[in-house]
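Data block below; observations after.
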Amino acid sequence: AQKVTQAQTEISVVEKEDVTLDCVYETRDTTYYLFWYKQPPSGELVFLIRRNSFDEQNEISGRYSWNFQKSTSSFNFTITASQVVDSAVYFCALRPIIQGAQKLVFGQGTRLTINP
Amino acid sequence: DTGVSQDPRHKITKRGQNVTFRCDPISEHNRLYWYRQTLGQGPEFLTYFQNEAQLEKSRLLSDRFSAERPKGSFSTLEIQRTEQGDSAMYLCASSLDTVAEKLFFGSGTQLSVL
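In the order they appear, the protein sequences are chains G and Z.
According to my numbering, the first sequence is numbered sequentially starting from 1371.
According to my numbering, the second sequence is numbered sequentially starting from 13.
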């Protein structure tokens, strides 16, 4: 069975602060994908990133960075110099790399509020 | 607008009634997915289609739920004899099978069962 835990239900910071969203996962699969999605107030989830389990290199994209640590089963997401537009619910998700497997398992989400 | 389109955006129904939702994926996407999201939770997988074939169904999809994608384009999700526990946001997503892990989601249909 797979499980994704986002222990932080809500985070509130002041604009320009850095903020890290935690994600811990459980899986028996040896290869898998990890994802982050953003859900703004409009409701549609927006894909942010996908990582393969066999690639532990951290990734940076502008103000966003992701820290994947297989040893601790974590895939944390950091926003540097946060902006009001970053306010949304963020979901971490997992999917095994198995032929035919398409089910994404999502965490409960972290509601991020950036205050001006 | 070339994104994933869902109709209606909101549906209020009485317990016991049948409801049907429609999803129009991005035109060149051959994979289509249905997820359900309740308040304060992450989306839960319901089912997915590769073209017109329904290839995977969650145990969440009871016999009151049925999904179709008759011509491999739009899809419908029908719930028969609705129950209050069916109240949720029903999300549709689509993807290319060559980049299957990158899903594009619609804004969802919010169902309220009274």
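Each residue gets a CB set at the ideal place from its N, CA and C atoms; glycine is no exception.
Decide yes or no for the touch test of the stretch 94 to 114 of chain Z against the stretch 27 to 39 of chain Z: beta carbon pairs closer than 8 Å, at least 3 of them.
yes
Could you confirm whether any beta carbon from chain Z is found closer than 7 Å to the beta carbon of G:Y1402?
no
Looking at chain Z, is there any beta carbon in it that lies within less than 7 Å of the beta carbon of G:R1420?
yes
Please check the pair G:F1447 and G:Y1460, which I expect to be a contact at CB under 8 Å, by giving their CB distance rounded to whole angstroms.
7 Å
Look up Z:V16 in the DSSP assignment and say whether it is helix, strand or coil.
coil
For G:V1454, which residues from the same chain have a beta carbon less than 7 Å from its beta carbon, with the 5 sequence-adjacent residues on both sides left out?
E1385, I1484, P1486
Using a C-beta cutoff of 7 Å, does Z:K26 count as contacting chain G?
no
Would you verify that the beta carbon of Z:P37 is, or is not, closer than 7 Å to some beta carbon of chain G?
no
Say whether chain G places a C-beta atom closer than 7 Å to the C-beta of Z:Q18.
no
Top-ranked residue by Cα proximity to Z:T14, from Z:F116, Z:G120, Z:G52, Z:T32:
Z:F116
7 Å is my cut-off, CB to CB: does G:Q1478 come that close to chain Z?
yes
Per DSSP, what are the beta-bridge partners of G:A1408 in this structure?
Looking at the sequence provided, one finds Lys at residue 1408 of chain G rather than Ala. Answer is G:V1416, G:Y1460, bridged to G:K1408.
What are the boundary residues of the beta strand (DSSP E) that Z:R43 is part of?
43 to 49
Tell me which residues of the stretch 53 to 72 of chain Z have at least one Cβ-Cβ distance to chain G shorter than 9 Å, keeping chain order.
Q53, G54, P55, E56, F57, Y60, Q62, L67, E68, S70
Determine the direct distance from the alpha carbon of G:P1410 to that of G:I1419, and round the result to whole angstroms.
16 Å
So, is Z:A100 buried or exposed, given that buried needs 16 or more other C-beta atoms within 10 angstroms?
buried
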